[in-house]
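Asks: Per the numbering used here, residue 187 is the first one in the sequence shown, and the count goes up by one each step. Sharing a structure, written as structure tokens. Questions coming.
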Amino acid sequence: MLRHNKTIGTETGAENRAVTMNTAGNAEKQRKLLVLSDFDSRVKWGVSLAAFFQHSCEITVMFEEIPSSIRQRYILPNYTVRQYRDLDPILNSSALFEYDYVILALGGSQAVRAMSTIADRQHEFPARPLVIAGFNGLMEPGDPHGFLCRQGADIICVNSTRDMSFFQELITEFHLDASPLVLAGYLRQNDRLPALPQNGPPQSILFVEQVGRPSNLRQKILLMEQLAAYARAHPTRQLVIKLRSVEGIRHTNSSKEKHSFRKIWHDTVRPHPTNVVFSYDGTEEILPKMDLCVSISSTVLFEALEMGIRVAVISDFGIGTHIGNTAFIGSGLFVSLQDLRDDKIPEVAKEWLQENASFSDTFASDLTTKLAELDEQRAQGTLTPMKLFYDRSGFPSLYLTKKAQGRFWNWMSILTQMSLYFRRTATKEGSMEKKGADR
């Protein structure tokens with residue numbers, strides 16, 4: 187996360203002048219930037235990064251679906267907005283080569299496909315776009331896949347010094363280029379005033395839903411019952427349950443959403459505490475009003491820490507990749523729901539905070555320097571051709587589209603049915619021949 191949403195300057199100390207690169211032999215001109223994304227949190231990440239270019243680039247945002255709150259807060263009126271239903275036509279056309287910069291705010295496999303499109307066709311055009319990639323949320327410690335999916339981008343925005351150290355290990359292990367890495371922090375628009383730290387018992391508590399965690403219905407019911415018990419134990423406090431998205435609107439983790447928190451609450455909690463409210467508002471609007479932020483695992487917890495708001499990570503459902511909270515090991519923030527009800531609020535470990543939530547104050551200047559170098563290389567024709575780690579020849583399984591996978595399994599089904607048919611036919615013929623021989 188960035189403390190201020192500065193535009194990027196190409197001159198030393200130029201924090202208020204946006205990126206205005208020069209091409210060799212041409213007058214200075216406004217560039218074109220594309221944010222290619224799909225759903226809510228990824229769009230927020232991509233557009234937050236694009237805000238650094240807002241005074242110097244014509245910005246286009248392509249997405250599949252987002253709630254109105256994100257559109258209103260993050261997408262400026264002068265942006266060109268295009269909504270799509272299928273990413274394939276975009277990738278199969280020459281659309282990406284119409285831009286000077288492409289911010290890939292996509293999941294790993296989609297980022298691979300988009301970069302592969304540029305890599306496969308870059309020889310057809312005078313110049314290719316500069317590609318910026320990154321991570322919209324928490325990364326599981328020790329999981330290399332997310333980074334390797336983005337290897338090949340010209341700039342890779344890194345969330346924390348812990349992630350940076352791990353990526354450096356991967357670079358050494360696989361003999362990769364370290365130059366694209368830039369420490370960014372958790373990119374979100376952060377132009378609000380920090381909340382005042384509270385030392386007494388919390389009066390306004392925010393619980394942030396993490397879709398699919400816990401995934402078990404009984405565990406979700408238990409979670410709802412415990413939140414209701416907290417509200418009943420502290421009737422003068424307000425508990426706000428932040429839901430991920432309005433029902434019916436797809437989001438980054440739609441595939442994991444099996445049981446609606448709101449439905450579980452209304453179906454199982456009796457009676458309903460009057461001091462509990464559900465909210466679809468953006469966390470940017472809610473957080474400044476809170477003095478405690480609670481979740482099983484969420485990037486919002488990092489936003490709260492940056493604002494001086496106390497944080498608690500619920501540990502009742504285990505600690506591991508199955509629940510997505512391993513990033514908080516060493517933070518000192520784990521707490522049981524019972525301890526939370528008893529106001530045993532944890533304090534964050536300073537060393538962990540420095541390694542995992544050290545928000546970059548130099549990102550604007552670092553990105554400026556990196557882009558200036560890359561743009562000069564592009565102008566002189568010396569820009570390194572894009573080369574992916576997960577290329578098509580070495581990792582063909584990553585390039586199977588859902589349609590292709592569907593065709594594959596359809597053919598497998600047909601072949602299986604044909605095999606069974608011929609097997610049954612052969613069995614019948616063998617049986618008939620045997621009967622004839624017996625006669």
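In this text, a Cβ means the ideal position worked out from N, Cα and C, and glycines have one as well.
Under a Cβ-count criterion, where at least 16 other Cβ atoms within 10 Å of its own Cβ denotes burial, should Leu626 be classed as buried or exposed?
Replies: As displayed, the chain neither begins before 187 nor continues past 625, which places residue 626 out of reach and without an answer.
Asks: If I measure Cβ to Cβ from Ser690 and keep anything under 8 Å in the same chain, skipping five residues before and after, which residues do I get?
Replies: Lying before the first or after the last residue shown, residue 690 is absent from the chain, which here runs from 187 to 625.
Asks: Taking only beta-carbon atoms, is Leu273 less than 8 Å away from chain D?
Replies: No chain D appears in the structure shown, which is made up of a single protein chain.
Asks: Select from Arg448, Leu523, Pro400, Thr512 the residue whose C-alpha is nearest the C-alpha of Ala626.
Replies: Only positions 187 to 625 of the chain appear in the structure, and residue 626 is not among them; the question remains open.
Asks: Does the distance from the CB of Tyr270 to the CB of Met301 come in under 8 Å?
Replies: Taking the first residue of the sequence shown as 1, we reach residue 270 at position 84. Taking the first residue of the sequence shown as 1, we reach residue 301 at position 115. No; because the gap between Cβ atoms is not below 8 Å, this pair is not in contact.
Asks: Return yes when the Cβ of Ile252 is within less than 8 Å of the Cβ of Tyr287, no when it is not.
Replies: Position 101 of the sequence shown, counted from the first residue, corresponds to residue 287. Position 66 of the sequence shown, counted from the first residue, corresponds to residue 252. Contact flag unset, no.
Asks: In this structure, does DSSP put Gln178 in helix, strand or coil?
Replies: Outside the displayed range of the chain (187 to 625) lies residue 178, so it cannot be described from this structure.
Asks: For Ala590, which three-state DSSP category applies?
Replies: Looking up residue 590 in the sequence shown gives position 404. Any reading at Ala590 needs caution, since the residue's pLDDT is 49, under 50, leaving its predicted position unreliable; the model's value is listed next. Three-state result, Ala590: helix.
Asks: Quick one: what's got a C-beta closer than 6 Å to Arg496's C-beta in the same chain, skipping five residues either side?
Replies: Working through the sequence shown from its first residue, we reach residue 496 at position 310. Excluding positions up to five away in sequence, the list reads Leu478, Ile531.
Asks: Could you give the C-beta distance for Leu560 and Gly338, rounded to a whole number, given that I count them as a contact under 8 Å?
Replies: Within the sequence shown, the letter at position 374 stands for residue 560. Within the sequence shown, the letter at position 152 stands for residue 338. About 14 Å; that fails the 8 Å criterion.
Asks: With three or more beta-carbon pairs closer than 8 Å as the criterion, would you say the segment 305-315 touches the segment 547-556?
Replies: no
Asks: In its own chain, which residues sit with a C-beta less than 6 Å from the C-beta of Trp538, not counting the 5 before and 5 after it?
Replies: Taking the first residue of the sequence shown as position 1, residue 538 is located at position 352. In chain order, Gly516, Ser517 place their CB closer than 6 Å to the CB of Trp538, counting only its own chain and leaving out the 5 sequence neighbours on each side.
Asks: Pop quiz: Asp226 and Ile261 are said to be a contact at Cβ under 8 Å. What is the actual Cβ separation, rounded to whole angstroms?
Replies: The residue given as residue 226 occupies position 40 in the sequence shown. The residue given as residue 261 occupies position 75 in the sequence shown. About 12 Å separates the two Cβ atoms, so there is no contact after all.
Asks: For Thr303, is the classification buried or exposed, using 16 other Cβ atoms within 10 angstroms of its Cβ as the cut-off for buried?
Replies: Along the sequence shown, read from residue 1 onward, the residue named residue 303 stands at position 117. Label assigned to Thr303: buried.
Asks: Use the C-beta contact count for Phe482: other C-beta atoms within 10 angstroms, 16 or more gives buried, fewer gives exposed.
Replies: In the sequence shown, residue 482 corresponds to position 296, counting from 1. The residue asked about is misnamed: residue 482 is Ile in this sequence, not Phe. Buried, by the Cβ-count rule.
Asks: Taking C-beta to C-beta, are Gly323 and Thr485 nearer than 8 Å?
Replies: Taking the sequence shown and counting its residues from 1, the one referred to as residue 323 is at position 137. Taking the sequence shown and counting its residues from 1, the one referred to as residue 485 is at position 299. Annotated as proximal: Gly323 and Thr485, with beta-carbon spacing under 8 Å.
Asks: At the level of alpha carbons, what is the spacing between Ser465 and Ala565?
Replies: Stepping through the sequence shown from its first residue, residue 465 is reached at position 279. Stepping through the sequence shown from its first residue, residue 565 is reached at position 379. The alpha-carbon atoms of Ser465 and Ala565 are separated by roughly 49 Å.
Asks: Just to confirm the assignment: which complete alpha helix (DSSP H) runs, minimum length 4, are found wholly within the segment 308-365?
Replies: 331-336, 347-360
Asks: Sorted by chain position, which residues of the same chain lie with C-beta nearer than 7 Å to Asn511's C-beta, five sequence neighbours on each side aside?
Replies: Taking the first residue of the sequence shown as 1, we reach residue 511 at position 325. Here the set comprises Ile482, Ser483, Val499, Ile505.
Asks: What whole-angstrom Cβ distance do Leu220 and Ile289 have, given they're in contact under 8 Å?
Replies: By one-based count along the sequence shown, residue 220 stands at place 34. By one-based count along the sequence shown, residue 289 stands at place 103. That belief holds up - the Cβ atoms of Leu220 and Ile289 are roughly 7 Å apart, short of 8 Å.
Asks: Starting from Ile256, trace the alpha helix (DSSP H) in both directions and tell me its first and last residue.
Replies: Taking the first residue of the sequence shown as position 1, residue 256 is located at position 70. Counting along the chain, the alpha helix (DSSP H) containing Ile256 begins and ends at 254-260.
Asks: Pull up the CB-CB distance for Ser242 and Ala370, whole angstroms please, since I reckon it's below 8 Å.
Replies: Locating residue 242 in the sequence shown gives position 56, counting from the first residue. Locating residue 370 in the sequence shown gives position 184, counting from the first residue. Not a contact, Cβ separation roughly 19 Å.
Asks: Anyone know if the C-beta pair for Leu557 and Leu235 falls short of 8 Å?
Replies: Residue numbering aside, residue 557 sits at position 371 when the sequence shown is read from its first letter. Residue numbering aside, residue 235 sits at position 49 when the sequence shown is read from its first letter. Cβ distance not < 8 Å, so Leu557 and Leu235 don't count as in contact.
Asks: Just to confirm before moving on: does the CB-CB distance between Val344 and Ala291 stay below 8 Å?
Replies: Against the sequence shown, residue 344 aligns to sequence position 158. Against the sequence shown, residue 291 aligns to sequence position 105. No. Outside cutoff.
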